[in-house]
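As structure tokens, the structure follows; a few thoughts come after it.
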DNA sequence: TACGCTACCAAGCAAGCGCTTGGTTTGTAA
DNA sequence: TTACAAACCAAGCGCTTGCTTGGTAGCGTA
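Chains as they are written, first to last, in my numbering: chain A, 1 to 203; chain B, 1 to 203.
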């Protein structure tokens, strides 16, 4: 037995490889494939190789597992956004980086947990919805700052809020059709969407 | 007792006011508010004022209720699309009409059933998914015909399939933020989205 | 060796679920 | 009045669900 690495974290769906992380990652996949309600605690337990009752040593309720999945993926992707725009001064380049990062989240490495975030939202308790919304607000503020900067620079004529919502629609829906093995790359899709926003395609 | 009207149909969610139609309309609202799985047959029954067992006089299973909701709303909105483009020769005007009709479906009179269509898709049996997909294909073909016509006329540079998917994202996501009582009208949103597609905003 | 902590098992409970059953009411038309 | 089907009720069956309970294995520390 050899210690392969001094950095044992292997990120999947934004979760580490601790028991808790593996549990969340498995839950995220099941929640996306079957939905939260159709996924039983026995399903999750089987996936990680323990008894169903043992899940409740890690989380007080099944709903807390869902909440944890969402919190982790929001946090992880907020950091991804931050990293994407770090050091970029041009607001148009910032926007491109944001779109790319969001696509990466939705159809890339955290796609399962992101899908859960969109489709299982109402399975959260109102209390947890509020807490998750607070985290999401931080994420959205990064977008709004960039879009407002674009507007100030005169490169965005439309309303920033509506623009953000149209972008959200385009990116989030991509999870329903984008084929990772197809000919269209994430970078290409990024530019196509960017084009719909700042309209260089018809200059 | 006076017969108020010779046309007793009052369309809600694309359903008529027969027992079956009222049942479907109530189910659509419950399915949207709580999700299919969290909605019990007792919930639906209570809503229409009958016993839960009596539901199964109308539908063989609970899932068949969901399927019926989806079939009705797809059919209804396919007709709406057809009516919208009828008599319009200019492909750009056709596109505007299509976007407006789809927004009407998603945030207007059939919004509850449309939301169910998007969010409860995987609750259908594979067999029913296939049947619903066949109906949806007809709907989508109307879109593709108009977009291809636009391309032929040289007024759409982007790929028609991708364009359609971006539009789908923008329109379907609007159900999550559009406020029917706000200052933004459906017609205004229609033009904003149309602008993202044929790009007249940066001429 | 003894301790304490984390992680887990084996068994099962109480509640809620979709759906069935056998019988009754209601509306319609001959 | 009779006939009949559609619509509905009252009761509950069999099963699955999230979660609980009481106990145990493994491991690092002293």
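For glycine and all other residues, C-beta sits at the position ideal for the given N, C-alpha and C.
This structure is a prediction, so every number in the text was calculated from the model and none was measured.
Check, Outcome
"Who are residue 70 of chain A's beta bridge partners in DSSP?", "Residue 70 of chain A is not bridged to any residue."
"Could you check whether the Cβ of residue 169 of chain A sits closer than 9 Å to any Cβ belonging to chain B?", "yes"
"Could you check whether residue 81 of chain B and residue 102 of chain B sit closer than 9 Å to each other, using their CB atoms as the reference points?", "yes"
"Less than 9 Å between the beta carbons of residue 35 of chain B and residue 119 of chain B, yes or no?", "yes"
"At a Cβ threshold of 9 Å, is residue 34 of chain B touching chain A?", "yes"
"Tell me, to the nearest whole angstrom, how far the beta carbon of residue 104 of chain A is from that of residue 146 of chain A; I am working on the premise that it is less than 8 Å.", "Going by Cβ atoms, the distance from residue 104 of chain A to residue 146 of chain A rounds to 16 Å, so no, they are not a contact pair."
"Quick one: residues in its chain with C-beta nearer than 7 Å to the C-beta of residue 194 of chain A, no 5 flanking neighbours on either side, listed in chain order?", "95, 96, 99"
"Which of the residues in the segment 145 to 167 of chain B, read from start to end, lie with their CB under 7 Å from any CB of chain A?", "157, 158, 162, 165, 166"
"Could you say which of A/107, A/60, A/125, A/91 lies nearest to residue 181 of chain A if we only look at CA atoms?", "A/107"
"Whose C-beta lies closer than 7 Å to the C-beta of residue 20 of chain B among residues of the same chain, with five residues either side of it excluded?", "58"
"I'd like the ranges of any beta strand (DSSP E) spanning at least 3 consecutive residues and lying wholly in the segment 144 to 187 of chain B.", "none"
"Just mark residue 44 of chain A as buried or exposed, buried being the case when its beta carbon has 16 or more other beta carbons within 10 Å.", "buried"
"Counting only beta-carbon atoms, is residue 64 of chain B nearer than 9 Å to chain A?", "no"
"Looking at residue 164 of chain A and residue 140 of chain A, is the spacing between their C-beta atoms short of 9 Å?", "yes"
"If the cut is a Cβ gap below 7 Å, which residues of chain A does residue 37 of chain B touch?", "35, 37, 38"
"Of the residues A/18, A/187, A/73, A/27, which one's Cα is nearest the Cα of residue 62 of chain A?", "A/27"
"Just the chain B side, please: which residues come within less than 8 Å of residue 119 of chain A by C-beta, in chain order?", "119"
"Taking 9 Å as the cut-off, decide whether the C-beta atoms of residue 205 of chain B and residue 40 of chain B are in contact.", "Only positions 1 to 203 of chain B appear in the structure, and residue 205 of chain B is not among them; the question remains open."
"Would a C-beta distance cut-off of 9 Å place residue 160 of chain B and residue 144 of chain B closer than the cut-off?", "yes"
"From the beta carbon of residue 195 of chain A, is the nearest beta carbon of chain B less than 9 Å away?", "yes"
"Residues of chain A with a CB under 8 Å from the CB of residue 74 of chain B: which are they?", "The contacting residues do not exist; residue 74 of chain B stays about 16 Å from chain A at best."
"Using a Cβ-Cβ cutoff of less than 6 Å, which residues in the same chain neighbour residue 203 of chain B once the five nearest sequence positions on both sides are dropped?", "In this prediction, residue 203 of chain B has a pLDDT of 37, which is less than 50 and means its spatial position is unreliable; what the coordinates show is noted afterwards. Excluding positions up to five away in sequence, the list is empty."
"How long is the line joining the alpha carbons of residue 67 of chain B and residue 123 of chain B, rounded to whole angstroms?", "9 Å"
"Look at the Cβ atom of residue 170 of chain A, then the Cβ atom of residue 117 of chain A, and state whether they are nearer than 9 Å.", "no"
"Name the chain B residues whose beta carbon is nearer than 8 Å to that of residue 192 of chain A?", "158, 162, 166"
"Does the distance from the CB of residue 166 of chain A to the CB of residue 192 of chain B come in under 9 Å?", "yes"
"By the criterion of Cβ-Cβ separation under 9 Å, what are the contact partners of residue 96 of chain B in chain A?", "Neighbours of residue 96 of chain B on chain A: none; closest Cβ ~16 Å, over 9 Å."
"Using DSSP with H/G/I as helix, E/B as strand and the rest coil, what is residue 51 of chain A?", "coil"
"Quick one: what does DSSP say residue 197 of chain A is sitting in, helix, strand or coil?", "helix"
"Within the 9 Å Cβ cut-off, does residue 143 of chain A reach chain B?", "no"
"For residue 142 of chain B, collect the residues of the same chain with a Cβ closer than 8 Å to its Cβ; drop the 5 residues on either side in sequence, then sort them by chain order.", "78, 81, 82, 85, 98"
"Can you name the residues of chain B whose CB is closer than 8 Å to the CB of residue 42 of chain A?", "Chain B residues near residue 42 of chain A: none, gap ~16 Å exceeds 8 Å."
"Count the other CB atoms, across all protein chains shown, that sit within 10 Å of the CB of residue 74 of chain A; report buried if there are 16 or more and exposed otherwise.", "buried"
"Which whole-angstrom value is the C-beta distance of residue 48 of chain A and residue 88 of chain A, which I expect to be below 8 Å?", "40 Å between Cβ atoms; not a contact."
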